[in-house]
DNA sequence: TTGTACGCGTTATCAC
DNA sequence: GTGATAACGCGTACAA
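Right, dumping it as structure tokens:
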């Protein structure tokens with residue numbers, strides 16, 4: 001049953017008539033081998049179908065080449081776009097991506113992180129969820145790097161990449177007011193992640209500064225259906241808003257569809273809408289949504305870049321050399337706000 | 001610089017006052033350990049922050065627990081949905097997913113497959129591309145399982161999962177004719193993958209059988225923009241089609257948007273449209289697209305199920321015990337065809 | 001430049 | 001049930 005399946009460096013060495021270390025050196029970038037030996041080894045390897053065993057290599061080097069991507073809702077447009085960029089750049093950097101799907105259940109992210117540790121991942125990149133503090137500490141203590149994207153400022157990850165959510169939200173208020181809107185609304189999800197809440201706070205604050213009150217509604221998670229529900233709630237009131245900022249493009253699409261097809265409202269004439277993320281669908285002509293672009297490729301390259309450079313410090317147990325990057329979310333003007 | 005980072009079973013054994021084997025057995029599901037020993041080991045492991053090293057374990061067992069997902073266009077709705085299901089089921093089966101992104105470039109999938117071999121993946125699941133026959137053979141010879149989803153019938157993979165594309169396409173013809181349409185069209189991409197071509201063939205054949213000619217157009221890859229371009233081509237003709245079957249939902253969305261917003265056509269009154277995949281956007285009320293559902297969860301569970309059961313045969317070099325599964329694509333009736 | 005010898009962390013085998 | 005020992009495939013210090 002269990003015949004030898006993979007061919008080892010030993011066999012290559014025998015066939016090539018050299019020592020096993022010669023084989024090892026041939027496949028190690030920095031090593032010194034004579035041209036003749038290398039040729040013989042390569043020939044034998046090709047003939048036998050030899051491939052380096054990264055598991056064994058990782059065991060020796062204490063460096064697996066594996067980077068763990070921890071994410072929930074992979075099928076969501078923004079998440080999958082970020083995933084695409086990350087995997088692409090990781091591959092170019094000679095790393096390989098391990099994908100772990102989390103859900104809302106308790107301990108889901110912790111399990112993911114533990115999985116990453118068991119496979120001795122060089123790093124973990126979290127696109128969702130917040131790890132238990134102790135687990136995160138364990139990662140760091142184990143020499144594993146941690147990158148948190150659009151997560152928290154409080155989290156203990158060494159590299160944190162965030163957006164200027166609050167400031168961006170302020171710019172929507174200006175746009176709405178310039179379009180002649182006065183009855184502003186904010187449609188949010190109940191997820192309550194830091195970036196979503198920052199958008200809400202920024203929007204409300206900027207409006208209040210202009211003496212405008214904002215009606216805020218929260219429902220469900222950040223998806224299309226939740227947007228519809230939010231619209232049903234906010235548009236059945238006697239006092240309808242004339243402009244709504246949705247915390248997410250998916251919410252905005254749902255909101256817009258409900259406004260048009262269930263309430264026969266015209267966008268942007270009777271209702272201005274703005275979203276956040278700039279998912280592909282936002283540019284589809286049925287929506288033509290004004291929104292803020294997540295700088296996905298910038299996020300991904302910052303993350304991978306940071307992972308590629310060598311560990312700056314040995315890291316004391318208590319003093320984690322944290323680094324925080326704040327990226328700009330550009331406003332993409334389209335047709336869902338009047339007077340672009 | 002390189003202080004000991006991870007804690008090993010050896011250290012746990014010392015602290016617990018038992019042998020290394022006892023530690024190993026504690027973390028091996030099927031092994032027999034006394035309750036007392038297990039308790040001591042678990043306690044020591046917890047205190048030290050011990051985690052099994054899957055790299056070393058994989059090295060011993062000749063089984064890494066890694067399953068390679070080879071895919072291009074990850075950010076596409078259908079692909080990401082399939083990816084979600086697969087990663088979820090793999091995790092439940094105790095496996096872990098390694099994601100490799102391929103592009104259209106030559107040798108991209110081959111590199112991916114080689115990567116899978118280097119990490120001693122137990123299996124590779126291909127959602128895109130077709131591997132070079134020699135590489136595929138190498139995988140199989142190395143004891144690696146291979147699953148091809150919506151790929152080819154000619155490929156050498158042991159498990160091939162396909163849909164009844166041709167038959168499904170025939171059912172659209174019936175629906176179109178029943179809606180009173182007589183000028184049928186098929187909008188395809190230039191990608192030319194087997195499933196896309198099967199849909200085209202099935203549609204044309206079924207229409208011809210009823211004495212109806214079909215105008216076929218192909219452009220770009222299977223995306224929203226390509227759908228728009230196809231609409232521009234087909235709707236500027238003197239003889240406009242009154243029903244179009246798009247090889248993909250993304251194409252259909254683009255086609256519909258162009259028809260409505262650039263040609264002021266009403267769907268489904270002047271133009272019936274059908275798609276394929278049943279991506280989430282197909283159900284959004286702006287599109288409300290009649291389409292065929294990819295049975296993503298069935299596909300994923302078939303694949304994972306097959307991987308979970310033990311290798312049925314030792315596999316001779318020439319006789320590969322291939323298995324082919326043909327799944328049904330259900331028609332999802334929505335508003336883009338008259339008279340549902 | 002090349003070969004020898006050892007160690008990485010784990011599991012399987014076999015005595016006890 | 002438990003503990004010693006061999007083996008997995010590889011990198012590398014060291015001596016030649």
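Chains as they are written, first to last, in the UniProt record's numbering: chain A, 1 to 340; chain B, 1 to 340.
The C-beta atom is built at its ideal place from N, Cα and C for all residues, glycine as well.
### Task
Compute the distance between the beta-carbons of residue 152(A) and residue 130(A), then report whether it is under 8 Å.
Between residue 152(A) and residue 130(A), the C-beta gap is smaller than 8 Å, which places the two residues in contact.
### Task
Alpha carbon to alpha carbon, how far is residue 141(B) from residue 318(B)? Give it in angstroms, no decimals.
Here residue 318(B) scores only 46 on pLDDT, less than 50, and its place in the model should not be relied on; the value that follows carries that caveat. Taking the straight line from one Cα to the other gives about 10 Å.
### Inter-residue spacing [alpha-carbon to alpha-carbon] between residue 197(A) and residue 236(B)
48 Å
### Short Cβ contact (8 Å threshold) for residue 97(A) with residue 71(A)
No.
### Message
Using beta carbons (cut-off 8 Å, strictly below), is residue 281(A) in contact with chain B?
### Response
yes
### Message
Please list the terminal residues of the continuous alpha helix (DSSP H) segment that includes residue 60(A).
### Response
54-61
### Query
Would the beta-carbon of residue 245(B) fall within 8 Å of that of residue 169(B)?
In this structure, residue 169(B) lies closer than 8 Å to residue 245(B) by Cβ.
### Message
Here's a check: name, in chain order, each residue in its chain whose Cβ is nearer than 7 Å to the Cβ of residue 19(A), leaving out the five neighbours to either side.
### Response
13
### Message
For the alpha helix (DSSP H) containing residue 36(B), name the first residue and the last one.
### Response
35-48
### Message
I'd like to check one pair, residue 123(B) with residue 144(B): are the Cβ atoms closer than 8 Å?
### Response
yes
### Message
If you reduce the DSSP assignment to three classes, tell me which class residue 299(B) lands in.
### Response
Three-state DSSP puts residue 299(B) in a helix.
### Task
Identify the contact partners of residue 11(A) in chain B, using a Cβ-Cβ distance below 8 Å as the criterion.
Simply none; closest approach about 13 Å.
### Task
Evaluate the contact criterion for the region 267-287 of chain A versus the region 249-258 of chain A: three or more CB pairs, one atom per stretch, below 8 Å.
yes
### Task
With 8 Å as the threshold, decide whether the Cβ of residue 263(B) is near any Cβ in chain A.
no
### Message
At the 8 Å Cβ level, is residue 120(B) part of the contact set with chain A, yes or no?
### Response
Output row for residue 120(B): interface = yes.
### Message
Is any non-hydrogen atom of the ligand ZN found closer than 7 Å to the C-beta of residue 258(A), if you look at the structure I gave you?
### Response
Only the bare structure without any ligand can be found here, which leaves the ligand ZN out of the picture.
### Every unbroken beta strand (DSSP E) inside the region 141-216 of chain A [3 residues or more]
145-149, 159-163, 184-188
### Query
Helix, strand or coil: which one does DSSP assign to residue 18(B)?
Three-state result, residue 18(B): coil.
### Task
Taking only beta carbons into account, state which residues of the region 53-86 of chain A come closer than 7 Å to chain B, listed in chain order.
53, 54, 55, 56, 58, 59, 62, 64, 74, 75, 80, 81, 83, 84
#### Entry: Best match in 54(B), 240(B), 15(B), 49(B) for proximity to residue 40(B) [C-alpha to C-alpha]
When 54(B), 240(B), 15(B), 49(B) are compared, the shortest CA-CA separation from residue 40(B) is found for 15(B).
### Query
Of all the CB atoms in chain B, is at least one closer than 8 Å to the CB of residue 150(A)?
no
### Task
For residue 261(B), count neighbouring Cβ atoms within 10 angstroms of its own Cβ and tell me buried if that reaches 16, exposed if not.
Residue 261(B) should be labelled exposed.
### Buried or exposed (CB count within 10 angstroms, at least 16 for buried), residue 208(A)
exposed
### Task
Give the interface partners of residue 147(B) over in chain A, defined as CB-CB distance under 9 Å, in chain order.
Result: empty, since nearest Cβ-Cβ is about 17 Å, beyond 9 Å.
### Limits of the unbroken beta strand (DSSP E) element including residue 291(A)
290-293
### Query
With a CB to CB cut of under 6 Å and the five nearest residues on each side skipped, what residues in its chain are close to residue 308(B)?
93
### Query
Who are the neighbours of residue 284(A) on chain B, taking C-beta pairs under 7 Å?
Here the neighbours are 224, 253, 257.
#### Entry: Spatially closest choice to residue 183(B) from 33(B), 149(B), 272(B), 105(B), by CA coordinates
Among 33(B), 149(B), 272(B), 105(B), the Cα nearest to that of residue 183(B) belongs to 272(B).
### Task
Along the alpha helix (DSSP H) that carries residue 113(A), what are the first and last residues, could you check?
108-118
### Query
Under 7 Å Cβ-Cβ, which residues of chain A neighbour residue 353(B)?
Not covered by the structure: residue 353(B). The range shown for chain B is 1 to 340.
### Query
Less than 8 Å separating the beta-carbons of residue 189(A) and residue 226(A)?
yes
### Message
Using only the alpha-carbon positions, how far apart do residue 242(A) and residue 78(A) sit?
### Response
27 Å
### Query
In chain B, which residues lie less than 7 Å from residue 114(A) when you measure between Cβ atoms?
51
### Message
Using a 10 Å radius around the Cβ and a threshold of 16 neighbouring Cβ atoms, would you call residue 328(A) buried or exposed?
### Response
exposed
### Message
In the DSSP assignment, the beta strand (DSSP E) including residue 72(A) goes from what residue to what residue?
### Response
66-72
### Task
Could you have a look at residue 330(B) and say whether DSSP puts it in helix, strand or coil?
strand
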